[in-house]
């Protein structure tokens, strides 16, 4: 029986079989992707019916800035209809997308995030307390997952008493229901538990009243879209999508960043010596550790680097991998906290740039500040190999950390 963790022998086969769930790509997709990039700017996988892969920063940025050519109608490969209706606003295009961005942008602006800072800091401090007492932790389950989840609840005005219920529903959906789903109908049925959870939260907020409140649920209840109030299903759609993006993407970024820091005492020293460098450290590690991959679908035929891509073709857009492009970054495969620019595409770019990036950056910054104020020295627990995953959101399933120098 063939070893599923063994990569195909030839580059041609590795390209043909490339997809983000391949077992042989889970521990390290970055090195094989560099091979794709060196081979050609655009390559074609034959998985899931076939699709193109953009390998270079310039083409990924160009696709993002030309949504009239690269539609967001199908945002993942393989594509699934998670709700029936399109996910708001990520799967919308043109004027419809723009209208929804206008409706939602104020909810995630820097000013809207400011009030979250004390809550994020308090939550981080509370999570660190038992870690300090124990002297070790599974960083993913003990810190990286609950901190963004707690932030999400605060931002949306859902009581913190629902944290455990939210995580149970979300984990069941991500790790049990969706992997076993055989059709879009199965996926939509699996989503119903969380759909109901958020519907109940909106109903509670409506009944309790929204006067004087600044949380997202209150503002959604008072918002208008195209001159009318939002429907219940539209509000749930927005909240559901934001939850998946906020929890998965932010906890993944936390895991990858802290893995690097745990393996590099010099980086820990830099933070201890000069905490003002934390934002720069975060941006460099977001560049260095690719996290997100989404997709687009072509609206018309185009010629790209000698390849003819046809209307209706799907295109994999590996935002995170753009940060390793040697045509844009000097010595991209090494971390350099003194770079003059880290123009990574980890949050996307163009009209679909991530709405939640200000929240995510706040969580990452406060996590590093509070952690290193209490735990300036730590390392990966000997004998405990971090379990990595690729998928659409690259991250870690576990990261065992021990306090103190190794």
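Residue numbers (our numbering): 4 to 409. The beta-carbon is built from N, C-alpha and C at its ideal position, and this holds for glycine as well.
Original post:
Which partner residues does residue 305 have in the DSSP bridge list?
Top reply: 312
Compute the beta-carbon to beta-carbon distance between residue 348 and residue 64, rounded to the nearest angstrom, for a pair I have assumed lies under 8 Å. 7 Å
Beta-carbon proximity list for residue 273, same chain, < 8 Å, skipping 5 on both sides: 280, 284, 340
Status (buried if at least 16 other CB within 10 Å, exposed otherwise) for residue 373:
buried
Worksheet item: On the three-state DSSP scale, how would you describe residue 378?
Response: coil
Report buried or exposed for residue 306, applying the criterion of at least 16 other Cβ atoms within 10 angstroms of its Cβ.
exposed
Sequence-distant residues of its chain with Cβ nearer than 7 Å to residue 198 (five each side left out) = 239, 243
Pick from 26, 80, 43 that is closest to residue 299, judged by C-alpha positions: 80
**OP:** For the segment 223-236 and the segment 330-339, state whether three or more C-beta atom pairs, one from each stretch, are separated by less than 8 Å.
**Re:** no
* Are residue 296 and residue 319 close, meaning C-beta to C-beta below 8 Å? -> yes
Q.
Between which two residues does the beta strand (DSSP E) holding residue 405 run?
A. 403-406
**Item:** Distance, residue 128 Cα to residue 145 Cα
**Value:** 12 Å
In whole angstroms, what separates the C-alpha of residue 405 from that of residue 267? 14 Å
**Message:** DSSP three-state label for residue 411, please.
**Reply:** With the chain represented from 4 up to 409, any question about residue 411 goes unanswered, as that position is not in the structure.
Taking only the alpha-carbon atoms, compute the straight-line gap between residue 7 and residue 50 and give it to the nearest angstrom.
15 Å
For residue 98, count neighbouring C-beta atoms within 10 Å of its own C-beta (all shown protein chains included) and say buried if the count is 16 or more, exposed if not. exposed
Can you find the residues in the same chain that come closer than 6 Å, C-beta to C-beta, to residue 163, ignoring five residues on each side of it along the sequence? 156
| DSSP on residue 263, reduced to helix/strand/coil? | helix
Residue 23 lies in the alpha helix (DSSP H); which residues open and close that run?
Element bounds for residue 23: n/a, residue is neither H nor E.
*What residues in its chain sit with their C-beta under 7 Å from that of residue 396, if we drop five residues either side in the sequence?*
251, 252, 255, 294, 295
**Q.** Buried/exposed call for residue 314, threshold 16 Cβ in 10 Å
**A.** exposed
**Report entry** Alpha carbon of residue 142 to alpha carbon of residue 389, nearest angstrom
**Finding:** 10 Å
So which of 30, 47, 381 has the shortest CA-CA distance to residue 317?
47
- Item | Proximity winner among 124, 115, 73, 383, relative to residue 258 (alpha-carbon distances) | 383
| said: Using DSSP's beta-bridge definition, name the partner residues of residue 54. | reply: 48
task: Would you list the one or two residues that DSSP bridges to residue 300?
output: 74, 317
Rounded C-beta distance between residue 330 and residue 68? I'm assuming under 8 Å.
That pair is no contact at about 17 Å.
Tell me the DSSP bridge mates of residue 399?
391
- Item | Nearest candidate by alpha-carbon position, reference residue 72, set 184, 399, 96, 56 | 96
Report task. Could you spell out where the beta strand (DSSP E) holding residue 337 opens and where it closes? Result -> Counting along the chain, residue 337 falls outside any beta strand (DSSP E), and DSSP gives it neither H nor E.
| query | Are the beta-carbon atoms of residue 431 and residue 110 separated by less than 8 Å? | reply | Here the chain comprises residues numbered 4 to 409, so residue 431 is not present and cannot be evaluated.
* Measure the Cβ-Cβ separation of residue 205 and residue 85 and say whether it is below 8 Å. => no
- Task: Check each candidate in 18, 70, 57, 35 and name the one with the smallest Cα separation from residue 353.
- Result: 70
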